[in-house]
Structures are given as structure tokens and as C-alpha cells.
Amino acid sequence: MAFNPNAVFVSPSSLGDLDKCPQLYYYRSVYKSPKTGLKIQLTNPALALGSTIHDVIERFLSLEPSARTEEELSRLLDFVWENITGEKGGFADKAEEETYLSRAREMLRRFWANDHFHTCLGVKIPAFPKVDLGPDLILTGKLDWIEMGEDKYYHIIDFKTGKNKEKEDSLQLPIYAIMVSQLFKTDKIRGKYWYLDSEGEMEDITLPDVASALETVTRKAETAKMVRRTNSYRCQSGEESCWACRDMLAVARGEGRLVSVDMSRKQEIYILPAKKDQFEYAQDLPF
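When you line the sequence shown up against my numbering, it's residues 619 to 905, in that order.
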């Protein structure tokens, strides 16, 4: 795909942000630090946990099957956890960090208990596939795992680390199905969620047909393009901020504390003082 300086990139997370609040979309997808030119991102223990689990599983599944051992899975967790230990993960203290580390170990125990992932082979795709949606519009996202099933269907598996179930109208798997359809010129696609924070098995998800999903996503992407080109980022509440955007606004105003820089994503990572019940439910990474 040729470079287009005018292209607007959309993903499951950015479209979800726009649905919640245009100002949230602005601070997460458009705004850049005036000092560094990097985007800003807010982390907390729940997001740090989700990021770690996804990173560990991605590294583990990139190994040859003969190298996928329980010991290696544990080693990878210890290695990746160093990236979020202490305030880098938004942990208030050692006790809180240990609670989340225990949850991480339990999730990976469930993952290891599924023998399928000891030997399965994935379908090779770009890290962030891109699909042309039309003039100056590009769809992208990061798929956790895709494999060819015995039924000759492409199986998209999304690992969930949050306590809450994905909403029925979520566009995440439909967007991934669009990408797979475009990459492999197929409509033989199945989707699954695996909620690793509970004891359940993988859940089959009924996907909409690709044509209708593409129509819905393109319509939302056109809205994102229009919002950007008209600078229509006002908070959906009509006030200065709302529940969705207030924390990102606080970071942009300098109220957050910089704890790390992720150059792979060109982001500065910040934390805010924790509220008492702020992190009761983990959030998944919105790729």
C-alpha cells in the first residue's frame, strides 16, 4: 500500500473511542505532546496486565512448537513484567502489583492447560494489517491469533483479559474478519473469544457477513474522517469533559506523571492518581 500523507487510519479502538466521545478520540488518536511530538497514553494496573498477557502469548506462540514449554511461558512472564513493574504499570504499591501478577500467572495457567496452543501453527500476516476503505481511509488493527482450522475456515481467536464480556455490537471481530477477508480473498472465517480471567472455554462468536460489516465500518470511518477534517472534537456532554475523556484531558494538561516511553508505538505513557474503585474491572487492549 503506497504512502498517503492524508490517510486517516481507523481501528477497533479508535472507532470505539469516537463512539464514546469525540474528545476522547482526539486525545488518544490525534493529539501529540507539543514537547516531543509523541502521542500520549494513560495506563493503569488493568491495562498493564492486559498488555503483558498479550505480549507474553504473542512471544510464546512465535516459538517453534518444540520450544513451547510451561517453563518458557513462565520465563516470558517474568521478562515482560519488568516493563510494567512499579509505577510503570500504575501500581500503587507492592501488594497491588502482586495481586495483578498473581492474576497474570493464573491466566497463563489456563492458557497452558489448553494443549492446542502447545503445537498449533498460525497463519502469517503483517503485525498491523491494513485495508483500504476508500479515499484517504485505511482500516488497521492487531489480531491476537489466526489459524487455518481443520474445517478449512480461518479461525480468529481474540484473547480477553478483562472481567467483562465483550458487547454484542462490538466491531472488533467484524473488523478482523474484514481484514482476513481482504488479505486472503475468502469469506470462510470464524471468530472466537477466550476470556482468560475465567475458567470458561473459548466462545464461538457469530460474525456478520463481511459485506454488511464492511458497510458499517466504512460509515463509521467516514465519520472519523469528517471529524478530523472539521476539527469537531468537542466533548459529547457539551461540557468541558465527561466520564470518557476527563482522564486524557487531565494528562494533556500536565496532571499525569510520565512513567515510560513506548517508541514502538511512539507514545508517552502516563499515570494519574488512582481513585478508590477505578480499577475494579480490567479493560482489554483495544486493537
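Positions of the beta carbon are idealized from the N, C-alpha and C atoms, including for glycine.
This structure is a prediction, so every number in the text was calculated from the model and none was measured.
Per-residue burial, residue i [other beta carbons within 10 Å of its own, 16 or more giving buried]
i, result
"H773", "buried"
"G655", "exposed"
"D635", "buried"
"S799", "buried"
"E898", "Bear in mind that a pLDDT of 45 at E898, under 50, signals an unreliable position, so the model cannot answer this."
"V869", "buried"
"N662", "buried"
"R875", "exposed"
Closest residue to residue i among the options (Cα-Cα distance)
i, options, result
"V877", "A625, F735, G704 and E690", "G704"
"P826", "N849, Y794, M820 and M844", "Y794"
"T758", "L801, T670 and E821", "L801"
"E768", "D762, K783, A731 and I807", "I807"
"L890", "M866, W763 and D696", "M866"
"R837", "E886, L789 and A722", "L789"
"E700", "S680, F678, D673 and I658", "D673"
"R677", "M820, K657 and V698", "V698"
"D597", "V879, K884 and V835", "The question about residue 597 has no answer, for the chain in this structure spans 619 to 905."
"P753", "E833, T717 and V626", "V626"
"E840", "L695, D880, S850 and L751", "L751"
8 Å contact criterion, which residue i and residue j should meet: CB distance rounded
i, j, result
"R846", "V648", "7 Å"
"A713", "L667", "About 15 Å separates the two Cβ atoms, so there is no contact after all."
"F777", "I675", "6 Å"
Endpoints, beta strand (DSSP E) assigned at residue i
i, result
"W699", "Taken as a continuous stretch (DSSP letters only), W699 belongs to no beta strand (DSSP E), being part of the alpha helix (DSSP H) at E688 to W699."
"Y772", "Y772 to K778"
"R875", "R875 to D880"
"V749", "K748 to G752"
Range covered by the alpha helix (DSSP H) that runs through residue i
i, result
"T737", "H734 to T737"
Check: Which runs of the alpha helix (DSSP H) spanning at least 4 residues fall entirely within the segment 781 to 860, listed in chain order?
Finding: At a cut-off of 4 residues, the continuous stretches assigned as alpha helix (DSSP H) that sit fully inside the segment 781 to 860 are 790 to 802 and 828 to 847.
Notebook entry, point to check: If you scan the segment 623 to 683 from start to end, which runs of the beta strand (DSSP E) of 3 or more residues do you find wholly inside it?
Noted result: 626 to 628 and 657 to 660, all fully within the segment 623 to 683.
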